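Following: one structure in C-alpha cells, then a few remarks.
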Amino acid sequence: MEPLLELNQVTKTFSGFTLNNLSLRLEPGFILGCIGPNGSGKTTLIRLIMHLIQPDTGSIHLFGTSMDAQERSVKDRIGFVYDEPCLYEDVLPFVMKNMVKQFYSRWDDQEFFRYFELFELPSDKALKHFSQGMKMKYMTALALSHHAQLIILDEPTSGLDPVSRHEILELLQAYISDGDASVLFSTHITSDLERIADYICLLDHGNHRFTLPKDEVLDRYKLVIGSLEDLAAILQNSTAFLCGYTKNSFGFEGVTDAPEQIKNDFPHIALEHCSLDNLMLYLTKRSLNI
Amino acid sequence: MKTTLIALVYKDMLLQKRTVFFLLFFMLMLIVSMSGSGMSSPYVTATVGASLFWTMSVCSYEGFYKMEKLFASLPTTRLEMVLARYLSSLGVILVSILLSTSVGWIVTLLPISSSVVPATIIEAVTAFLIASILVFGYLPIYFKVGYLRSRMLNIAVFAVIGLVIAGLSLLIDALGINLTVTPLVWVLLILILWTALGLGSFLLAVRFFHSRAL
Chain A
-16 MEPLLELNQV TKTFSGFTLN NLSLRLEPGF ILGCIGPNGS GKTTLIRLIM
34 HLIQPDTGSI HLFGTSMDAQ ERSVKDRIGF VYDEPCLYED VLPFVMKNMV
84 KQFYSRWDDQ EFFRYFELFE LPSDKALKHF SQGMKMKYMT ALALSHHAQL
134 IILDEPTSGL DPVSRHEILE LLQAYISDGD ASVLFSTHIT SDLERIADYI
184 CLLDHGNHRF TLPKDEVLDR YKLVIGSLED LAAILQNSTA FLCGYTKNSF
234 GFEGVTDAPE QIKNDFPHIA LEHCSLDNLM LYLTKRSLNI
Chain B
207 MKTTLIALVY KDMLLQKRTV FFLLFFMLML IVSMSGSGMS SPYVTATVGA
257 SLFWTMSVCS YEGFYKMEKL FASLPTTRLE MVLARYLSSL GVILVSILLS
307 TSVGWIVTLL PISSSVVPAT IIEAVTAFLI ASILVFGYLP IYFKVGYLRS
357 RMLNIAVFAV IGLVIAGLSL LIDALGINLT VTPLVWVLLI LILWTALGLG
407 SFLLAVRFFH SRAL
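Going down the list, the sequences are from chains A and B. For what it's worth, the numbering used here labels the leading residue of the first sequence as -16, then goes sequentially. For what it's worth, the numbering used here labels the leading residue of the second sequence as 207, then goes sequentially.
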C-alpha cells in the first residue's frame, strides 16, 4: 500500500538543535502519535511536512509525490491544526471560513457546519472573543471540512477540557474509519495517544528513538519497581536492562525493554504496565536521582 | 492558480477595507492643511502616505496573527502569495489615488477651503510612481524578515530610496546633463525603469520568501 506520508533520512539543523536523520512512513487508515519532551523536534517535524521549512538533507513524500513537485494538489489533501491559532481574529468565524474555503477544491460547507454545531461554537462572535479551546475547535473544523486524506495536528488538545478532548479524539477516530485517511498527531498529553494512536513515534532532543505500533510499545516496555538493592543488582548485571530510572531513599522506578530477562533474573521485582507518560519520562532522561 | 490568486488578493482587500474611513479622514486633513499652508503636492503626499499605511497595515496584521503560516499551509504556493501581495499593493495605490483625488474634488465643491484645487494627471502619475517605488523597496524586506523586523528596516529603506533619487537629481545637475528629451522618451524611460524596479523587487521577494522559515 502506498504510504500517505514518507520521510527518508530527513535532517534539519537550526542553531542549537538538529532533527537528526528521521525516517518514518504512515499508511492510510492509521493514527500516528508523535511524543517527546519540549524541544524534541515534534513541531519541527510538522513544519517540515507542511513545507514551512526545508530539510537540509533527506526527502519528504506525501501521497507518493513531493511538495516541490505538486505543492498545491498535495496541500489540497492535507488538513492541519497548529499549536497556535493562525486566524484573522477580528472577523466572524464564517468570514474566516469563506476566506479559507476558496483554496480547497473539495470544500464541504455541510461538513463544516456539522462540526461547527457539534463543537457548539458561536457564529455571532468575532474569533478574538473565542477562548483558546474554541479556537482550536474552530481550526479542527476547518481542517476536517475539505475531505483531506492526511490530518496533521500539532498539540491540538493542549488547550481543551477533558470533554472537548474526548470529542476531538472520537472525531479523529471516526474520520479515519473508512481506511482512506490518516492522522499525524503530536501531543504532550500521552493519554490521548494511548486512547487512539495506532503507532507511536518518540523523539528525543531531535533524535528519532522509535516508531512502533502502540501495542508493541506497550508490550515491549514495562515499568520496573524495586528496592535500591534490586537496582544495584540490575545495574551490576547489565545496564542495558534499564532504559532509564529514578531512585530515592525508598527504592527505584524505571523502564525496561527487556521485561523477560528481568522476570527471569529477578523474579521478585515487580513489573507493571508502562504508560506512554512514563515511557517518555524514562527514555528521554537517562537517570534522575532525587 | 487564478482562483487562489484571486482569493489571496481578495483577502488583502478585505483587510484593507477596515481602514478606509480612517484614511479618508487622513487624506482630507492632509490635503486641506497642505493646500492651506501653500505646500506643494498635497495629493502626492496623501496618496503615498495612504498607500504605504495600507500596505504596511496588512503586513502587520498578518504578522500579528501569524497568517503567513496559515496561507503557506493552504493549497497555494509562496510565489502566488508574493504575487498577490504585489498586485494588492498596486491596487491599493490606484485606490488611494482615486480616493485622494475624489476627496480633493469634493472639497473644492464645499465651502471648506478655498485654497484646495483639484488634482492634476501629473500629480496622480507622480503619486503612483513614488508610492510604487517605495512599495517595491519595502516588500522584499518584508518577505525576507517578516513584519516585526521589517519595521526597523523600512525607515532605512525609505531613506535610501529618497537619498538615491535626490542623489541622482544632484548628480544630473552637477554634471550639467541636458535632459531635454521628448515627452514620449520620458514616458518610455520611466516605464522601463519602473518595470525593471518592479520586476527586480518581485524576483527578490520571491527568492527571499521561498527560503524563509515560517
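The C-beta atom is built at its ideal place from N, Cα and C for all residues, glycine as well. Values in this document were obtained by computation on a predicted structure and should not be read as measured data.
Against methionine 273(B), the close residues of chain A are Cys69 and Tyr71, in the order they occur along the chain (beta-carbon pairs closer than 7 Å). Nearest to valine 83(A) by alpha-carbon distance, out of Cys226(A), Cys184(A), His129(A) and Leu262(A), is His129(A). If the five residues before and after tyrosine 348(B) are omitted, its C-beta is found closer than 6 Å to the C-beta atoms of Cys265 and Ser356, all from its own chain and listed in chain order.
Annotation: the continuous beta strand (DSSP E) that includes tyrosine 182(A) extends over 182 to 187.
Spatial neighbours of serine 263(B) in its own chain (CB-CB distance under 7 Å, excluding positions within 5 residues in sequence) are listed in chain order as Thr225. When the beta-carbon positions are compared, serine 306(B) and tyrosine 344(B) stay at least 9 Å from each other. Alanine 372(B) has no beta-bridge partner at all, per DSSP.
Around lysine 350(B), no beta-carbon contact reaches into chain A at under 8 Å, the shortest distance being about 15 Å. Here the stretch 235 to 250 of chain B makes no contact with the stretch 278 to 291 of chain B; the two share fewer than three CB pairs at distances below 8 Å.
At least 9 Å separates the CB of valine 207(A) from every CB of chain B. Contact annotation: glutamate 94(A) and leucine 127(A) have beta-carbon atoms nearer than 9 Å. Excluding the 5 residues flanking it on each side, methionine 117(A) has same chain C-beta neighbours closer than 7 Å at Leu104, in chain order. Bridge partners of arginine 8(A) according to DSSP: Glu(-11)(A). The residues Pro248, Thr251, Ala252 and Gly255, in chain order, have a CB closer than 8 Å to that of leucine 236(B) in the same chain once the five nearest residues on each side in sequence are set aside. For the pair cysteine 17(A) and leucine 152(A), the CB atoms are not nearer than the 9 Å cut-off. Shown here, isoleucine 318(B) sits in coil according to DSSP, grouped into three states, outside any helix or strand.
Cβ contact annotation for glycine 404(B) (same chain, cutoff 8 Å, sequence separation greater than five): Tyr292, Ser338 and Phe342, in chain order. Against alanine 278(B), the close residues of chain A are Leu35, in the order they occur along the chain (beta-carbon pairs closer than 7 Å). Only those residues of the stretch 179 to 200 of chain A whose C-beta falls short of 7 Å from the nearest C-beta of chain B would be listed, and there are none.
Leaving aside the five residues that flank phenylalanine 408(B) on each side, the residues in its chain whose CB is nearer than 6 Å to its CB run, in chain order, Tyr292. The straight-line gap separating the alpha-carbon atoms of leucine 296(B) and leucine 211(B) is approximately 14 Å. Contact between the stretch 162 to 171 of chain A and the stretch 194 to 207 of chain A is not established, with fewer than three Cβ pairs separated by less than 8 Å. Chain A has a Cβ within less than 9 Å of the Cβ of arginine 224(B). The straight-line gap separating the alpha-carbon atoms of valine 238(B) and isoleucine 299(B) is approximately 20 Å. Each of His191(A), Asp181(A) and Ser210(A) was checked against the Cα of aspartate 198(A), and the nearest Cα belongs to Asp181(A). Cβ atoms of leucine 133(A) and arginine 60(A) come within 8 Å of each other, at about 6 Å. Here aspartate 218(B) is buried: its Cβ has 16 or more other Cβ atoms, across all protein chains shown, within 10 Å. The beta carbon of alanine 411(B) does not come within 9 Å of any beta carbon belonging to chain A, so the residue lies off that interface.
Here the alpha carbons of phenylalanine 364(B) and tryptophan 311(B) stand approximately 30 Å from one another.
If you keep only unbroken alpha helix (DSSP H) runs of at least 4 residues inside the stretch 270 to 305 of chain B, you get 273 to 279.
The stretch 147 to 162 of chain A and the stretch -11 to 1 of chain A do not touch, with fewer than three beta-carbon pairs separated by less than 8 Å. For the stretch 43 to 64 of chain A, the set of residues with a beta-carbon nearer than 7 Å to any beta-carbon of chain B comprises Glu54, Arg55, Lys58, Asp59 and Phe63, in chain order.
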